[in-house]
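Read in full-length UniProt numbering, the sequence shown has 237 at position 237, and its numbers run on one by one without any break.
The beta-carbon is built from N, C-alpha and C at its ideal position, and this holds for glycine as well.
Keep in mind the model is a prediction, meaning the values are calculated, not measured.
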Amino acid sequence: MAPTTAYSVDFDDTVAVVTGASGALGSAAVERFRTAGATVCAVDVVAPDDEDSLLEPDSKTHFYEADLTDERDVEELMTAVVDDHGRIDHLVNIAGTWRGGDHVEETDLEEFDLLVDINLKTAFLASKHALPHLQDSEGSIVSVSARSSLEGGEGDGPYRITKAGIRLLTETLAEENEGTVRANCVMPSVIDTPTNREMMPDADHDSWVDPAEIADVMAFLCSDGASVTSGAAVPVYGEA
1 MAPTTAYSVD FDDTVAVVTG ASGALGSAAV ERFRTAGATV CAVDVVAPDD
51 EDSLLEPDSK THFYEADLTD ERDVEELMTA VVDDHGRIDH LVNIAGTWRG
101 GDHVEETDLE EFDLLVDINL KTAFLASKHA LPHLQDSEGS IVSVSARSSL
151 EGGEGDGPYR ITKAGIRLLT ETLAEENEGT VRANCVMPSV IDTPTNREMM
201 PDADHDSWVD PAEIADVMAF LCSDGASVTS GAAVPVYGEA
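This is how it looks when you write it as structure tokens:
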């Protein structure tokens, strides 16, 4: 599926924090918010990967290294962003990972804990420590759930559980901050990245969604065009 023309949004004079910025979707979000005029604080535990990443530092893009599963790191991160740039207007929670594998009775606790930490705890902690600043700016949060979180399935239960948690976290944030901070999430299926193509060489890649298309939706959800939308879980899986 070819990328569509980007929806026009204006993020001039705003500051966006993008977690998981070194990956394919994260770097696409960095590029989208930067193109719209935002100062982007790109956050990850590792430096960008040349194969999947579109992240290119410039005067509008600033990389912050942080362990988003560590509360002290997250608190210090948000403080540093505000010290450096004066505010936070958008939080884009993309940090996450996928694991498939065994049925519940055969799943190691370490595997379950890893998915909870990376997929759900990171979004919880980033939201918790960004919220006071987002409340000041009447800003927005957009997170990444998954199409598969809508139902149970065989072999990847812990992943689905954590992504369902993102939807409930989103609804909770929207309810608790009604009229102040908007919170929404997107639900992708298979994203068209070099890594996914390598893992699934025989799949129908033409049906997969380009990261830039998902980044367009995330930017729209943070924009004034979605000012009446909060607590939504938006499908972004196209024909996949």
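What does the alpha-carbon distance come out to for the pair residue i and residue j?
i: residue 237; j: residue 181; result: 26 Å
i: residue 93; j: residue 155; result: 25 Å
i: residue 227; j: residue 177; result: 14 Å
i: residue 44; j: residue 106; result: 31 Å
i: residue 20; j: residue 127; result: 14 Å
i: residue 41; j: residue 224; result: 21 Å
i: residue 158; j: residue 98; result: 10 Å
i: residue 130; j: residue 150; result: 27 Å
i: residue 189; j: residue 24; result: 14 Å
i: residue 68; j: residue 62; result: 17 Å
i: residue 134; j: residue 60; result: 20 Å
i: residue 33; j: residue 213; result: 13 Å
i: residue 81; j: residue 87; result: 7 Å
i: residue 174; j: residue 234; result: 14 Å
i: residue 198; j: residue 101; result: 18 Å
i: residue 74; j: residue 208; result: 33 Å
i: residue 117; j: residue 111; result: 10 Å
i: residue 168; j: residue 83; result: 31 Å
i: residue 229; j: residue 179; result: 11 Å
i: residue 70; j: residue 125; result: 8 Å
i: residue 85; j: residue 153; result: 43 Å
By Cβ distance below 8 Å, which residues in the same chain neighbour residue i in space, the five residues on each side in sequence not counted?
i: residue 113; result: none
Quick check on the burial criterion: 16 or more other C-beta atoms within 10 angstroms. Buried or exposed for residue i?
i: residue 79; result: exposed
i: residue 65; result: exposed
i: residue 103; result: exposed
i: residue 96; result: buried
i: residue 187; result: buried
i: residue 27; result: buried
i: residue 36; result: buried
i: residue 239; result: exposed
i: residue 109; result: exposed
i: residue 22; result: buried
i: residue 9; result: buried
i: residue 38; result: buried
Starting from the C-beta of residue i, find all residues in its chain whose C-beta is less than 6 Å away, skip the five residues before and the five after it, and write them out in chain order.
i: residue 148; result: 160
i: residue 221; result: 142 and 184
i: residue 89; result: 14, 15, 137 and 139
i: residue 119; result: 96 and 162
i: residue 231; result: 171 and 174
Under the assumption that residue i contacts residue j (Cβ atoms under 8 Å), give the Cβ distance between them as a whole number of angstroms.
i: residue 145; j: residue 163; result: 5 Å
i: residue 193; j: residue 211; result: 7 Å
i: residue 123; j: residue 166; result: 6 Å
Skipping 5 residues on each side, what residues in its chain have a beta carbon closer than 7 Å to that of residue i?
i: residue 72; result: none
i: residue 77; result: 43, 64 and 66
i: residue 29; result: 18, 92, 94, 215 and 218
If you follow the alpha helix (DSSP H) that residue i is in, where does it begin and where does it stop?
i: residue 237; result: Run containing residue 237: none; DSSP gives neither H nor E here.
i: residue 124; result: 122 to 137
i: residue 75; result: 71 to 85
i: residue 30; result: 24 to 35
i: residue 111; result: 109 to 115
i: residue 166; result: 157 to 176
i: residue 214; result: 211 to 222
Within 7 Å (strictly less), CB to CB, does residue i reach chain D?
i: residue 11; result: Considering every chain present, this structure includes no chain D. It has just one protein chain.
In the DSSP assignment, the beta strand (DSSP E) including residue i goes from what residue to what residue?
i: residue 91; result: 90 to 93
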